[in-house]
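A.B. asks: As you go down the protein sequences, you meet chains A and B in turn. Here the first sequence stands for residues 321 to 679, numbered as in the working numbering. Here the second sequence stands for residues 1040 to 1165, numbered as in the working numbering.
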Amino acid sequence: MSKTPLYDCHLQQQAKMVDFCGWDLPIHYGSQLKEHQSVRLDAGVFDVSHMTITDIHGPDARAYLRYILSNDVAKLEQHPMGKALYSALLNESGGIIDDLIVYRCANAYRLITNAATLQKVHAWLTLKSQAFNIRLQPRADLAILAVQGPNAIAKVAALKPHLATALCVLKSFASLNDQDWQFARTGYTGEMGLEILLPANEAACFWQALMAIGVSPCGLAARDTLRLEAGLNLYGHDMDESVSPLECNIVFAVDLRDVTRQFIGKDAYLALKASARQRHQIGLSLASGGILREGQKIFDGEKEIGVITSGTFSPSLKYSIALARVQAPVTKPFVEIRGARLAVQTTAIPFINATLKGC
Amino acid sequence: MYQDIMKISASHEWLILESETIGIVGITDYAQDLLGDVVYIELPKIGQHVSAKQSIGVIESAKAASDLYSPVSGEILAVNDDLNADPGLVNRAPHSEAWLFKIHLSDLTELATLQSAAEYQVLIGK
């Protein structure tokens, strides 16, 4: 099993470790609910070094990314260097191979993709690169820490005083570089915060420094409840190769404005968009009677119309929430839990709105 | 933590006899730790007749749902309603305040199928 550079730190902090896509990672450090609240109310840190970083070099990097990504990296040029863009990687049928973040950096583009999709994405990027003069550089030498919460940026700024001013004014999806470190105003919790890419051999030291100023270590379990409250999809659950961006609320990641741009999956996307065939993602909540879970069936009257793709107990709301994919919009859905049909509320996504303020 | 008067099932419920035929049932500290933060509990109904090893309810943690079993057969005499409002009690006090239900045992020979606290601790490697 693969270990991140912070493996020993996790063990020292009594983390309960699990196998996540071949990585030995902390699921929690005692209580996932407390970790969740620390991110909503103060600051928490996640080791997300299992995610895949690939730098793309070469004269054709821009053209290559405009061809393989649903979103258009050309619009990054309207922003300072380091700007990030959320995108899908589509196959020819318009299904989602992965979702990712791409950064425009000084000498290259940088992709951050999921751990679960490592091999297929690498194979796809390589296959589709043949007509382009580019070079893919995997960056296993970097670790990633996500520091998230209303006090996250102030706490990181306290450890990096020479960057404090710049970090405090960093805009959403912007990033700044400091030698081999990259500080990005991104995250997967719905809170303010940073994702910090740093040399693997400096990660443990920085982790300890975060602990020393009261940042809570947080595991994968809290990461999942936080992202679901924020209405963010999880690859392999809410989206996969059988799902179009139209069907999981990420149409903002498909840029059609440049009509001359041809990208993989565009034709299939446009055909589905023009049809009435597409399914819909809806938010659900259940106040009592159990917890909504992935795989539970959704009914409109007696008719089965869909399935929950992610469900959990919301630690912030104190009731259960879920994302579901249904064939048609529905006003009075039912969910089947342990053989019983329960009325379930449709709810706006995101389920919670954090007040995002700087430091 | 594990008391000598506990009798414990392979599915991690403890039973303490309150009288010759009435037992109090809960889940073990080891089980609550495996489950993680408990967020919802569905207990059997008072008056319900249950069989040993039959699923009679559910304990949902933040991460997953697990069936609740009775370690013995009998009639449910009482359930711990405090757990509806505060399911996390199962994590904090699994061997005391977070008892789940009281049961009138219908077959005392089933007690022999349960482990002693000492045997159970060997099983879980504690």
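Even glycine gets a Cβ: it sits at the ideal position worked out from N, Cα and C.
Buried or exposed: A/M512, going by 16 or more other Cβ atoms within 10 Å of its Cβ?
C.D. replies: Buried, since its Cβ has 16 or more Cβ neighbours within 10 Å.
A.B. asks: With respect to the beta strand (DSSP E) encompassing A/T374, which residues constitute its N-terminal and C-terminal limits?
C.D. replies: Element bounds for A/T374: 372-377.
A.B. asks: Give a single yes or no on whether A/S634 has its beta carbon closer than 8 Å to a heavy atom of the ligand GDP.
C.D. replies: Questions concerning the ligand GDP fall outside what the structure shown contains, since it holds no ligand whatsoever.
A.B. asks: Could you pull out every residue in the same chain whose Cβ sits closer than 6 Å to the Cβ of A/A466, ignoring the five residues on either side in sequence?
C.D. replies: So the list reads F366, V368, G507, E515, once near-sequence residues are dropped.
A.B. asks: So, does the CB of A/Q398 fall closer than 9 Å to a CB anywhere in chain B?
C.D. replies: No, because no Cβ of chain B sits closer than 9 Å to the Cβ of A/Q398.
A.B. asks: Taking 8 Å as the threshold, find out whether the region 1116-1131 of chain B comes into contact with the region 1076-1083 of chain B through three or more Cβ pairs.
C.D. replies: The region 1116-1131 of chain B vs the region 1076-1083 of chain B: in contact.
A.B. asks: Which residue's Cα is closest to the Cα of A/D558: A/T372, A/A542, A/H600?
C.D. replies: That would be A/H600, whose Cα lies nearest to the Cα of A/D558.
A.B. asks: Have a look at A/S390 and A/G603 and give me their C-alpha separation to the nearest angstrom.
C.D. replies: Each residue's alpha carbon lies about 24 Å from the other.
A.B. asks: Between which two residues does the alpha helix (DSSP H) holding A/A529 run?
C.D. replies: Here the alpha helix (DSSP H) through A/A529 covers 520-532.
A.B. asks: DSSP beta-bridge partners for A/T433?
C.D. replies: A/T433 pairs with A/T372.
A.B. asks: How about A/Y589 and A/L410: are their beta carbons less than 9 Å apart?
C.D. replies: Cβ distance < 9 Å, so A/Y589 and A/L410 count as in contact.
A.B. asks: DSSP state of A/R661, grouped into three classes?
C.D. replies: Correct three-state label for A/R661: strand.
A.B. asks: Mind pulling the alpha helix (DSSP H) runs of 4 or more residues that sit fully within the region 1102-1138 of chain B?
C.D. replies: List check, alpha helix (DSSP H) in window: 1121-1124, 1128-1131.
A.B. asks: Looking at the secondary structure, which residues open and close the beta strand (DSSP E) in which A/Q502 lies?
C.D. replies: Element bounds for A/Q502: 501-504.
A.B. asks: State the start and end residues of the unbroken alpha helix (DSSP H) segment that holds A/R455.
C.D. replies: Run containing A/R455: none in the alpha helix (DSSP H); it sits in the beta strand (DSSP E), 455-458.
A.B. asks: How big is the Cα-Cα spacing for A/L554 and A/C425?
C.D. replies: Those two C-alpha atoms are separated by around 26 Å.
A.B. asks: Quick one: using the 10 Å Cβ neighbour count with 16 as the cut-off for buried, is B/I1142 buried or exposed?
C.D. replies: Per the 10 Å Cβ criterion, buried.
A.B. asks: Does A/S449 come out as helix, strand or coil in the three-state DSSP assignment?
C.D. replies: Three-state result, A/S449: coil.
A.B. asks: With DSSP collapsed to three states, give me the class of A/H282.
C.D. replies: In the structure as shown, chain A begins at 321 and stops at 679. Residue 282 of chain A is therefore absent and cannot be evaluated.
A.B. asks: Distance cutoff 9 Å, beta carbons only. Does A/Q333 sit that close to anything in chain B?
C.D. replies: So no, A/Q333 is outside the interface.
A.B. asks: If the criterion is Cβ atoms closer than 9 Å, does the pair A/I672 and A/L643 meet it?
C.D. replies: Cβ distance not < 9 Å, so A/I672 and A/L643 don't count as in contact.
A.B. asks: Can you grab the Cα-Cα spacing for the pair B/A1101 / B/N1119, in whole Å?
C.D. replies: Cα to Cα, the separation comes out at about 20 Å.
A.B. asks: Within the chosen definition, does the region 372-383 of chain A reach the region 567-574 of chain A through at least 3 CB pairs nearer than 8 Å?
C.D. replies: Segments in contact, no.
A.B. asks: Is the Cβ of A/R424 closer than 9 Å to any Cβ of chain B?
C.D. replies: No, A/R424 does not count as interfacial toward chain B.
A.B. asks: Got a sec: is the Cβ-Cβ distance from A/L353 to anything in chain B below 9 Å?
C.D. replies: Chain B, which has a Cβ nearer than 9 Å to the Cβ of A/L353, makes this yes.
A.B. asks: How would you list, in chain order, the residues of chain A whose beta-carbon sits under 9 Å from the beta-carbon of B/Y1079?
C.D. replies: Residues of chain A passing the Cβ test: S608, G609, G610, I611, F633, S640.
A.B. asks: Distance cutoff 9 Å, beta carbons only. Does A/H348 sit that close to anything in chain B?
C.D. replies: Judged by the 9 Å Cβ criterion, A/H348 is in contact with chain B.
A.B. asks: What does the alpha-carbon distance come out to for the pair A/A674 and B/I1095?
C.D. replies: Approximately 39 Å, taken between the alpha carbons.
A.B. asks: Is there a C-beta anywhere in chain B that falls below 9 Å from the one on A/A541?
C.D. replies: Chain B contact via Cβ: present.
A.B. asks: Taking just the CA atoms, how far does A/A541 sit from A/V563?
C.D. replies: One C-alpha to the other measures close to 25 Å.
A.B. asks: What's the C-alpha gap between A/L518 and A/A504?
C.D. replies: If you take the alpha carbons of A/L518 and A/A504, they lie about 11 Å apart.
A.B. asks: Would you report the Cα separation of A/D418 and A/D560, rounded to the nearest angstrom?
C.D. replies: A/D418 and A/D560: Cα-Cα distance of roughly 7 Å.
A.B. asks: Helix, strand or coil for A/L514 per DSSP?
C.D. replies: The answer is strand: DSSP assigns A/L514 an E or B state.
A.B. asks: Within 10 Å of its beta-carbon, does A/V579 have 16 or more other beta-carbons around it, so buried, or fewer, so exposed?
C.D. replies: A/V579 comes out exposed.
A.B. asks: Does the region 610-628 of chain A touch the region 422-437 of chain A, meaning 3 or more C-beta pairs lie closer than 8 Å?
C.D. replies: Short answer: they don't touch.
A.B. asks: Grouping DSSP H, G and I as helix and E and B as strand, with all else coil, what is B/Q1071?
C.D. replies: Note: B/Q1071 maps to helix in three-state DSSP.
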